[in-house]
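**Student:** Take the sequence shown: its letters are residues 49 to 552, numbered as in this note's numbering. No residue lacks a Cβ here, since even glycine has one placed at the ideal position from N, Cα and C. Predicted model only: the values in this text are computed from it and were never measured.
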Amino acid sequence: MLAKIWGELKNFISLRSLQARIFIIILAVGVIPGVLMRYGILTNYEERSVEQRVATVQNQLLIVGNHLVSNNYFNTDKADEQSRAVINAELEMISNLYEGRVMVINSALKVVKDTYGISEGKTIISEEVIRCLRGESMSHYDKDHGYIEMTTPIVNNNGSEDGSSTIVGVMLTSISNDAIVSTMEVLSRKAMILEYLMLVGIVALAIILSRVLIRPFNRVTEAINEVKAGYSDEAISVPDYVETVHIVDAFNQVLRRMKALDDSRQEFVANVSHELKTPMTSIKVLADSLLAQDNAPAELYREFMEDIVSEIDRENQIITDLLALVKMDKKVQELNIVSLNINDLTELILKRLRPIARKKDVEVVFESMRPVVAEVDEVKMTLIMTNLVENAIKYNKEHGWVKVELDADHQYFTFCVSDSGMGIPEESLPHIYERFFRVDKSHSREIGGTGLGLAITKNAVLMHRGSITVTSVEGEGTSFTVRIPLTYIAGNNGQSVQKREELQ
Ligand code: ADP
């Protein structure tokens with residue numbers, strides 16, 4: 049339990065969980081704009097406040113400047129003491145009001161008045177002052193030291209209305225920005241409180257939404273777990289999202305495939321048991337009937353024993369075929385690929401099978417269009433050819449014929465076996481490659497068929513990445529055509545056999 053919680057927590061922290069990502073996204077979308085907005089509003093407020101303050105102070109200083117000029121403040125001879133005192137009081141008032149310092153500097157760069165009383169009589173050589181004397185006034189906000197500095201020209205328009213004027217002095221002023229800072233602090237604090245409240249709301253929303261949005265995926269996991277645990281094998285359905293529908297669809301397909309595999313396995317096991325049981329039952333019946341007779345004649349024993357031996361042979365044949373099939377079903381079946389003369393191989397197989405054909409008076413003809421050399425597994429190739437020719441003989445009529453044709457193009461060779469036999473009914477054609485399928489069970493049994501030959505053949509063909517096709521007319525004959533690449537293409541054999549089987 050603890051390990052599970054720790055695992056989930058680790059997934060959450062490493063952002064491997066979708067829930068964690070949704071949570072983070074909601075949180076980010078909710079919080080970041082708030083923080084940016086606060087920062088933007090405060091910066092904007094600061095700029096605007098400084099601008100306003102500078103404009104207000106400049107205005108007042110301009111008015112005082114006018115008073116200075118009209119009262120000949122710089123000319124100590126002409127100015128009367130009383131008006132100087134009034135102007136000084138005005139300057140003091142401004143510097144008190146804005147918690148700053150005002151220095152009045154004349155055109156000779158000499159400080160005529162300093163509200164701090166420190167620099168009076170001194171000469172100030174500063175770039176800002178000189179520039180202001182040339183008509184370029186400035187204001188500068190020093191955020192780090194907490195003051196605003198500005199220069200204001202003292203203009204004498206010489207009493208004329210024509211606009212000609214001279215700059216007779218400069219007022220160098222620095223004022224404190226404490227008022228702005230404290231207003232900003234109040235604003236910032238309020239915004240922060242609002243932000244914290246929003247953060248709590250957004251975290252709650254993020255937790256709820258991330259849980260709700262993820263719920264359908266949890267339902268998918270639950271449904272799959274139920275199937276895994278065996279409580280249900282029904283198709284599952286979680287239609288909440290298109291994504292869950294896709295996942296569930298894919299899972300249902302896998303489930304269907306597994307069921308089909310399971311069904312076919314069960315059917316196979318049932319068929320195998322049945323097929324193996326039939327000869328055993330016959331053997332038992334034969335043996336019982338011998339035992340039931342006292343003093344049975346030796347000929348009868350012999351006759352029954354022969355039957356018993358033939359049943360044992362049959363049982364053996366089924367087991368041999370089954371083993372061959374099971375071996376081929378193994379996914380990573382190794383093929384022993386060699387370059388082989390197919391003409392020679394065909395001749396050899398036909399030589400082996402001709403005695404059986406002769407028994408039924410079936411003529412076997414071999415027609416080769418050209419010499420064929422191909423990369424194949426000799427044992428499996430022999431199995432393919434033998435099964436097809438053997439079937440063509442087995443399911444033939446008396447005095448019939450079997451024709452084997454071999455041809456090739458630049459990529460494939462074709463091996464075609466046609467016969468004049470009984471043919472296969474059309475409705476049975478799709479089933480002939482199924483294990484234990486026989487058109488006529490009793491007839492096939494009589495002639496020693498197990499119903500596994502074509503299943504083995506098809507598997508062997510697919511392992512060579514070839515194809516097998518059949519055409520048949522009932523009562524007239526059958527023709528099987530096998531097409532196999534001349535050069536073996538290596539790859540994942542098991543998978544390709546399975547895929548091709550699905551396609552066919
Ligand atoms: P079996 O061991 O019974 O011959 P196969 O898998 O080789 O099994 O063949 C399956 C069934 O297909 C046979 O039982 C038979 O009915 C039919 N069949 C196969 N080859 C031929 C053929 N050349 N002509 C007619 N029927 C055939």
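Could you tell me whether the segment 399-407 touches the segment 487-503, using the rule of 3 or more Cβ pairs below 8 Å?
**Tutor:** No: the two stretches stay apart, fewer than three of their Cβ pairs being nearer than 8 Å.
**Student:** Based on the DSSP output, what are the partners of residue 467 in its beta bridges?
**Tutor:** By 1-based counting over the sequence shown, the position of residue 467 is 419. In the DSSP output, where bridge partners are listed per residue, residue 467 has 450.
**Student:** In the DSSP assignment, find the unbroken beta strand (DSSP E) run with residue 628 in it and report its ends.
**Tutor:** Because the chain in this structure spans residues 49 to 552, residue 628 falls outside the shown range and cannot be described.
**Student:** Is it right to say residue 323 is buried, meaning 16 or more other beta carbons lie within 10 angstroms of its own, or is it exposed?
**Tutor:** Taking the sequence shown and counting its residues from 1, one reaches residue 323 at position 275. Per the 10 Å Cβ criterion, buried.
**Student:** Given that a residue counts as buried once 16 or more other Cβ atoms are within 10 Å of its Cβ, and exposed if not, what is residue 341?
**Tutor:** Locating residue 341 in the sequence shown gives position 293, where the first residue counts as 1. Exposed: under 16 other Cβ atoms inside 10 Å.
**Student:** Determine the closest residue to residue 228 out of 259, 204 and 194, with distance taken between C-alpha atoms.
**Tutor:** Position 180 of the sequence shown, counting from 1, holds the residue named residue 228. For the residues 259, 204 and 194, the minimum Cα distance to residue 228 belongs to 194.
**Student:** Compare the beta carbon distance of residue 450 and residue 467 with 8 Å and say whether it is the shorter of the two.
**Tutor:** The residue labelled residue 450 in the question sits at position 402 within the sequence shown. The residue labelled residue 467 in the question sits at position 419 within the sequence shown. Yes, Cβ-Cβ distance for residue 450 and residue 467 is below 8 Å.
**Student:** Between residue 433 and the ligand ADP, is there a pair consisting of the residue's CB and a ligand heavy atom that are separated by less than 7 Å?
**Tutor:** Taking the sequence shown and counting its residues from 1, the one referred to as residue 433 is at position 385. Because no heavy atom of the ligand ADP lies under 7 Å away, the Cβ of residue 433 does not count as near it: no.
**Student:** Could you check what DSSP says for residue 97 in three-state terms: helix, strand or coil?
**Tutor:** Locating residue 97 in the sequence shown gives position 49, counting from the first residue. DSSP places residue 97 in helix when its eight states are reduced to three.
**Student:** What residue ranges within the segment 65-92 form continuous beta strand (DSSP E) runs of no fewer than 3 residues, ordered along the chain?
**Tutor:** The segment 65-92 contains no complete beta strand (DSSP E) run of 3 or more residues.
**Student:** Taking 8 Å as the limit between beta carbons, can you name the residues of its chain near residue 48, skipping five residues before and five after?
**Tutor:** It is not possible to answer for residue 48, since the shown part of the chain is limited to 49 through 552.
**Student:** Kindly list the residues whose CB is nearer than 6 Å to the CB of residue 531, restricted to its own chain and excluding five residues on each side of it in sequence; keep chain order.
**Tutor:** On the sequence shown, residue 531 is found 483 positions in, with the first residue counted as 1. Once the five neighbours on either side are set aside, the close Cβ partners of residue 531 are 460, 462, 514 and 515.
**Student:** Once the 5 residues before and after residue 236 are set aside, which same chain residues still bring their CB inside 8 Å of it?
**Tutor:** For this step, residue 236 is matched to residue 188 along the sequence shown. The answer, listed in chain order, is 86 and 90.
**Student:** Spell out the partners DSSP gives residue 533 in its beta bridges.
**Tutor:** As a first step, residue 533 is located in the sequence shown; it is residue number 485 there, counting from the start. Bridge partners of residue 533: 460.
**Student:** Using 8 Å as the threshold, is the C-beta distance between residue 197 and residue 190 below it?
**Tutor:** Translated into the one-based positions of the sequence shown, residue 197 becomes position 149. Translated into the one-based positions of the sequence shown, residue 190 becomes position 142. Yes, they are a contact pair.
**Student:** Can you pull the DSSP bridge partners for residue 1?
**Tutor:** What is shown of the chain runs 49 to 552, which leaves residue 1 out entirely.
**Student:** Near residue 167, which residues of its chain fall below 8 Å by C-beta distance, leaving aside the five closest residues on each side in sequence?
**Tutor:** Start at 1 with the first residue of the sequence shown, and residue 167 comes out as number 119. So the list reads 151 and 159, once near-sequence residues are dropped.
**Student:** How close, in whole Å, do the beta carbons of residue 487 and residue 528 come, if the pair is a contact with beta carbons under 8 Å?
**Tutor:** Looking up residue 487 in the sequence shown gives position 439. Looking up residue 528 in the sequence shown gives position 480. Between residue 528 and residue 487 the Cβ distance is about 14 Å, and since that is not below 8 Å, they are no contact.
**Student:** In whole angstroms, what separates the C-alpha of residue 395 from that of residue 351?
**Tutor:** For the purposes of this step, residue 395 is identified with residue 347 of the sequence shown, where counting begins at 1. For the purposes of this step, residue 351 is identified with residue 303 of the sequence shown, where counting begins at 1. Roughly 37 Å between the two C-alpha positions.
**Student:** Checking the sheet assignment: what are the DSSP bridge partners for residue 189?
**Tutor:** One-based indexing of the sequence shown puts residue 189 at position 141. Paired residues: 196.
**Student:** How close, in whole Å, do the beta carbons of residue 241 and residue 78 come, if the pair is a contact with beta carbons under 8 Å?
**Tutor:** On the sequence shown, position 193 is the one that residue 241 refers to. On the sequence shown, position 30 is the one that residue 78 refers to. Not a contact, Cβ separation roughly 16 Å.
**Student:** If you run the structure through DSSP and keep just helix, strand and coil, what is residue 218?
**Tutor:** In the sequence shown, the residue the question calls residue 218 occupies position 170. Correct three-state label for residue 218: strand.
**Student:** So what's residue 380 in DSSP terms, helix, strand or just coil?
**Tutor:** Counting from 1 along the sequence shown, the entry for residue 380 is found at position 332. Because the pLDDT of residue 380 is 48, which lies under 50, any placement of that residue in the model is unreliable, and the question is left without a value.
**Student:** In chain order, what are the residues with a CB under 5 Å from some non-hydrogen atom of the ligand ADP?
**Tutor:** Ordered by chain, the residues meeting the criterion of a beta-carbon within less than 5 Å of a non-hydrogen atom of the ligand ADP are 439, 440, 443, 469, 472, 480, 486, 487, 492, 497, 498, 499, 501, 502 and 526.
**Student:** Give the DSSP bridge partners of residue 389, in chain order.
**Tutor:** Here residue 389 refers to the residue found at position 341 when the sequence shown is read from its first residue. DSSP, once it has assigned bridges, lists 421 as partnering residue 389.
**Student:** Is it true that the CB of residue 218 sits closer than 8 Å to the CB of residue 202?
**Tutor:** Sequence index remark: in the sequence shown, residue 202 carries index 154 (1-based). Sequence index remark: in the sequence shown, residue 218 carries index 170 (1-based). Yes, they are a contact pair.
**Student:** Touching or not, the segment 53-63 and the segment 252-259, by the rule of three or more beta carbon pairs under 8 Å?
**Tutor:** no
**Student:** Could you please give me the residues that DSSP links to residue 153 through a beta bridge?
**Tutor:** Counting from one through the sequence shown, the residue named residue 153 turns up at place 105. Paired residues: 159 and 218.
**Student:** Once DSSP output is grouped into helix, strand and coil, what is the label at residue 269?
**Tutor:** Translated into positions along the sequence shown, residue 269 becomes position 221. Helix at residue 269.
**Student:** Taking the alpha helix (DSSP H) that residue 504 belongs to, which residues open and close that run?
**Tutor:** Locating residue 504 in the sequence shown gives position 456, where the first residue counts as 1. 501-511 is the span of the alpha helix (DSSP H), which, as asked, contains residue 504.
**Student:** Helix, strand or coil for residue 224? Go by DSSP, reduced to three states.
**Tutor:** Here residue 224 refers to the residue found at position 176 when the sequence shown is read from its first residue. In the three-state scheme derived from DSSP, where H, G and I count as helix and E and B as strand, residue 224 is classed as strand.
**Student:** Taking the alpha-carbon positions, what's the residue 458 to residue 268 distance?
**Tutor:** Your numbering for residue 458 matches position 410 in the sequence shown. Your numbering for residue 268 matches position 220 in the sequence shown. So the alpha carbons of these two residues sit roughly 52 Å apart.
**Student:** Let's see if you can read the secondary structure: which residues bound the alpha helix (DSSP H) around residue 333?
**Tutor:** Looking up residue 333 in the sequence shown gives position 285. Looking at the DSSP string, the run of the alpha helix (DSSP H) that includes residue 333 is 290-340.
**Student:** I'd like to know if the segment 403-410 and the segment 355-372 are in contact, where contact means that at least 3 CB-CB pairs between them fall below 8 Å.
**Tutor:** no
**Student:** Could you name the residues of the same chain whose beta carbon sits closer than 6 Å to that of residue 17, not counting the 5 residues immediately before and after it, in chain order?
**Tutor:** Lying outside 49 to 552, the shown extent of the chain, residue 17 is not represented and no answer is given.
**Student:** Taking the alpha carbon of residue 245 as the point to measure from, which residue in 518, 441, 83 and 101 has its own alpha carbon closest?
**Tutor:** Here residue 245 is taken as the residue at index 197 of the sequence shown, counted from 1. Among 518, 441, 83 and 101, the Cα nearest to that of residue 245 is on 83.
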